[in-house]
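Per the numbering used here, the sequence shown starts with residue 225, numbered consecutively.
Backbone N, C-alpha and C define an ideal beta-carbon position, used for all residues, glycine too.
Quick caveat, the model's predicted, so the values are computed rather than measured.
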Amino acid sequence: MPRPLDRCHQHLLAALVVRLPPSLAALFFAALFLAFPALASAHEVGLSRGDFVVEGASVNGEITFAQRELATFLPGLDRDRDDTLSEKELTDAHDRIERAVIDRIQVLGDGSACPGRLLFALPVEGDGVTLKATFSCSAPPGEVRFEVGLIEDLAFNHRQLLRVGGGPRVSEALLYRKRKTLTAPIAAAVVARPSAPAASASLPSAPTPAPEESAPSTALDLFLMGIEHILLGIDHLVFLFGLVLLGGRLRAILLVVTAFTVAHSITLALATLGIWTPSPRLIEPAIALSIAYVGVENLYIKDAEGRWRITLPFGLIHGFGFAGALQEIGLPRAEVPKALLCFNLGVEAGQLAVLAVWLPLLAFARRRGWLTPRVVRLTSVLIVLAGVAWFVERVFGA
Numbered sequence: 225m226p227r228p229l230d231r232c233h234q235h236l237l238a239a240l241v242v243r244l245p246p247s248l249a250a251l252f253f254a255a256l257f258l259a260f261p262a263l264a265s266a267h268e269v270g271l272s273r274g275d276f277v278v279e280g281a282s283v284n285g286e287i288t289f290a291q292r293e294l295a296t297f298l299p300g301l302d303r304d305r306d307d308t309l310s311e312k313e314l315t316d317a318h319d320r321i322e323r324a325v326i327d328r329i330q331v332l333g334d335g336s337a338c339p340g341r342l343l344f345a346l347p348v349e350g351d352g353v354t355l356k357a358t359f360s361c362s363a364p365p366g367e368v369r370f371e372v373g374l375i376e377d378l379a380f381n382h383r384q385l386l387r388v389g390g391g392p393r394v395s396e397a398l399l400y401r402k403r404k405t406l407t408a409p410i411a412a413a414v415v416a417r418p419s420a421p422a423a424s425a426s427l428p429s430a431p432t433p434a435p436e437e438s439a440p441s442t443a444l445d446l447f448l449m450g451i452e453h454i455l456l457g458i459d460h461l462v463f464l465f466g467l468v469l470l471g472g473r474l475r476a477i478l479l480v481v482t483a484f485t486v487a488h489s490i491t492l493a494l495a496t497l498g499i500w501t502p503s504p505r506l507i508e509p510a511i512a513l514s515i516a517y518v519g520v521e522n523l524y525i526k527d528a529e530g531r532w533r534i535t536l537p538f539g540l541i542h543g544f545g546f547a548g549a550l551q552e553i554g555l556p557r558a559e560v561p562k563a564l565l566c567f568n569l570g571v572e573a574g575q576l577a578v579l580a581v582w583l584p585l586l587a588f589a590r591r592r593g594w595l596t597p598r599v600v601r602l603t604s605v606l607i608v609l610a611g612v613a614w615f616v617e618r619v620f621g622a
């Protein structure tokens, strides 16, 4: 979090703003608002995954979080503050994790409560953490109902991709605050299997039978999550605004946007499919620098002609940022294509919706003489400052 301004800085800012015309003062305050690093977590989607299978009277499964999200949810979990949750840190916090997570998931078998317990928690590849849990019902259930109250304790826009097997088909849903329940029909006879050991040197894979068909509601929810991710991604919006601020011929602007879209779609696919994923510790500062660069470039070029050449590599960087949460929760490979397609389509739809509003407004402002070269220069400087602030926070503020 940024440090409060001292009195001297407050007086300097007040003197500067008093001397600015109202329109420029508004831009100044808007940029200050954007520059607060607390609002810069544009690429943390807030997504967890739950995979459960009913085996006799037991409901066994795994819940996977991004490490950063679990550490934020349970302050002090990362005791050595190295931004990584070790197996020992998770083991030492076993009871705390059980109370905060497992106890906030209610499982009902035919209407009767199935008490749950945490077996163990382990870090997994991709900066994730998987919790192995079991819920014990009094008898093999014909129907299982999950009520995930845990979602109320997490970030406001958190989503959990929940899948429940053991019945005639796999039931799945993307849960959030207004929809925290999932009811799954279970086959009349489910063969009981041995429960997982209380501890293990390596994390066994969760049984995740393939669904007969994809649930349309889940696909739609992932699509809407992609739209929301863009609309709440302040640093991405600042970058996009900087790209179109100068205007120019419509063909040139569309080429810039197309190059950016194609590029980040490529790297989103590479990262989510596990082909290649640079560390977020490199990608997030690089995204901030791309914002600063666009602001600097706006001070020296006149329009968007030829700008697609620079937006193409920057789009590759932003795509890795979008892939972060999808990778951290370790989606099963069979589920990756659907999640990738739906989420990415939502990202593109949100981006096009924003541009459909911005481009006419910027053109109107130019015709009315409001978007003068001075306003463009000042706005570009503020974009640079926002990018630099995010870069400093992402490198030194962790």
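The Cβ neighbour count for R303, taken over all protein chains shown within 10 Å, is under 16; the residue is labelled exposed.
Cα atoms of D316 and L386: separation of roughly 27 Å, rounded to the nearest angstrom. In the DSSP assignment, the residues bridged to D275 are E286 and R387.
Secondary structure of I375 (DSSP, three-state): helix. Just so you know, the alpha carbons of I490 and G543 end up roughly 7 Å apart. Taken atom to atom, the span from the alpha-carbon of V571 to that of L448 is near 9 Å. Taking L342 as the centre and dropping the five residues before and after it, the same chain places the C-beta of H318, I321, E322, V325, I326, L355, K356 and A357 closer than 8 Å to its C-beta, in chain order. In this structure, I541 sits away from S503, with a CB-CB distance that is not shorter than 9 Å. By the 16-neighbour rule on beta-carbons within 10 angstroms, L564 is buried. Inter-residue distance for D527 and T535 is about 14 Å (C-alpha atoms, whole angstroms). Taking 8 Å as the upper bound for CB-CB distance, F615 and A516 are in contact here, some 7 Å apart. F276 and G390 have their alpha carbons spaced roughly 8 Å apart. Counting along the chain, the unbroken beta strand (DSSP E) around V331 starts and ends at I329 to G333. Annotation: the continuous alpha helix (DSSP H) that includes A516 extends over P504 to N522. When the alpha-carbon of L444 is set against those of R601, L583 and L569, the nearest one is in L569. Only buried fits E396, as 16 or more other CB atoms lie within 10 angstroms of its CB.
Along the region 294-371, the alpha helix (DSSP H) occurs as fully enclosed runs of 4 or more residues at 311-316 and 318-324, listed in sequence order. Relative to the Cα of R598, the nearest Cα in the group A587, E617 and L523 belongs to L523. Taking a cut-off of 8 Å for Cβ pairs, the region 285-301 and the region 333-352 touch, as three or more such pairs fall below it.
As DSSP reads the structure, T405 sits in a beta bridge with E371. By the beta-carbon neighbour count (other beta carbons within 10 angstroms, threshold 16), T603 is buried. In the assembly as shown, R273 is a buried residue. Its beta-carbon has 16 or more other beta-carbons within 10 Å. Residue environment analysis places A610 among the buried positions, since at least 16 neighbouring C-beta atoms fall within 10 angstroms of its C-beta. Distance between A495 and R475, taken at the CA atoms: about 30 Å.
Going by beta carbons, S360 and V278 fall outside the 9 Å limit. For the 9 Å CB-CB criterion, L586 and L469 form a contact. For A397, the enclosing beta strand (DSSP E) covers residues S395 to L399. Looking from the CA of L461, the closest CA among E529, I607 and P364 belongs to I607. Of the residues T296, S336 and I499, the one whose Cα lies closest to the Cα of H382 is T296.
Distance between L595 and E286, taken at the CA atoms: about 54 Å.
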